[in-house]
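Numbering (our numbering), first residue to last: 1 to 176.
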Ligand code: 5GP
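Given below as structure tokens:
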């Protein structure tokens with residue numbers, strides 16, 4: 001199946017049924033490991049909103065959730081900087097925090113998030129990312145809960161956008 005977003009063609013990569021299977025598995029793992037710790041979930045806007053919506057409903061506990069706004073400024077070189085707004089820092093101190101991402105690519109965004117969060121003195125940090133691109137990953141942190149590793153191709157759908165379009169699709173698509 002093909003879709004067209006902003007004049008670019010995309011083909012089906014991961015259907016909704018497979019996505020939901022992975023979400024259910026991740027939710028079971030997180031529930032098993034962290035339920036007793038009453039973790040604070042911090043999904044990053046905007047891409048992770050779909051994943052977080054599904055994850056929250058698949059967990060077997062009522063998770064406190066704060067969406068974190070993240071802006072990355074990536075220049076023409078591969079180096080870049082990421083600015084975060086971590087709301088309610090007092091909420092993080094002494095809590096186990098789960099960072100929820102749609103995708104980890106170079107890892108720059110997550111690394112910046114980790115550094116910002118560490119300053120707030122949480123009891124512990126876990127990383128949950130639905131997708132991961134191992135070939136472009138440049139950092140050293142470990143993803144504790146992972147949906148699927150994918151090749152280094154541009155994808156869209158399930159919250160991921162192309163110029164802010166395409167987020168609505170229930171399936172994930174790759175550039176044709
Ligand atoms: P990183 O900092 O790990 O290089 O990039 C993370 C961010 O880049 C993600 O949160 C996402 O917004 C964006 N990104 C990385 N790969 C893709 C992709 O294939 N498609 C889309 N739509 N966004 C991506």
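Beta carbons are placed, not taken as given, at the ideal position from N, Cα and C, and that holds for glycine. As the structure is a computational prediction, the values presented were derived from the model and not from experiment.
Taking 6 angstroms as the line, does the beta carbon of residue 154 fall inside it for any heavy atom of ligand 1?
-> The count along the chain shown starts at 1 and reaches residue 154 at position 154. Yes; taking the cut-off as 6 angstroms, the Cβ of residue 154 has a heavy atom of ligand 1 nearer than that.
Hey, how far is the Cα of residue 110 from the Cα of residue 124?
-> Start at 1 with the first residue of the chain shown, and residue 110 comes out as number 110. Start at 1 with the first residue of the chain shown, and residue 124 comes out as number 124. For residue 110 and residue 124, the distance between alpha carbons rounds to 15 angstroms.
Mark residue 153 as exposed unless 16 or more other C-beta atoms lie within 10 angstroms of its C-beta, in which case mark it buried.
-> Looking up residue 153 in the chain shown gives position 153. The residue in question, residue 153, is exposed, as its Cβ has fewer than 16 Cβ neighbours within 10 Å.
For residue 148, write down the residues that DSSP places opposite it in a beta bridge.
-> Numbered from its first residue, the chain shown carries residue 148 at position 148. BP columns for residue 148 point to 131.
Within this structure, are the beta carbons of residue 98 and residue 41 separated by less than 7 angstroms?
-> Residue mapping note: residue 98 aligns to position 98 of the chain shown, counting from 1. Residue mapping note: residue 41 aligns to position 41 of the chain shown, counting from 1. Annotated as proximal: residue 98 and residue 41, with beta-carbon spacing under 7 angstroms.
Could you give the DSSP three-state label for residue 43: helix, strand or coil?
-> Sequence index remark: in the chain shown, residue 43 carries index 43 (1-based). Strand.
Three-way DSSP call (helix, strand, coil) for residue 29 in this model | One-based indexing of the chain shown puts residue 29 at position 29. DSSP places residue 29 within a helical segment (H, G or I) once states are collapsed to three.
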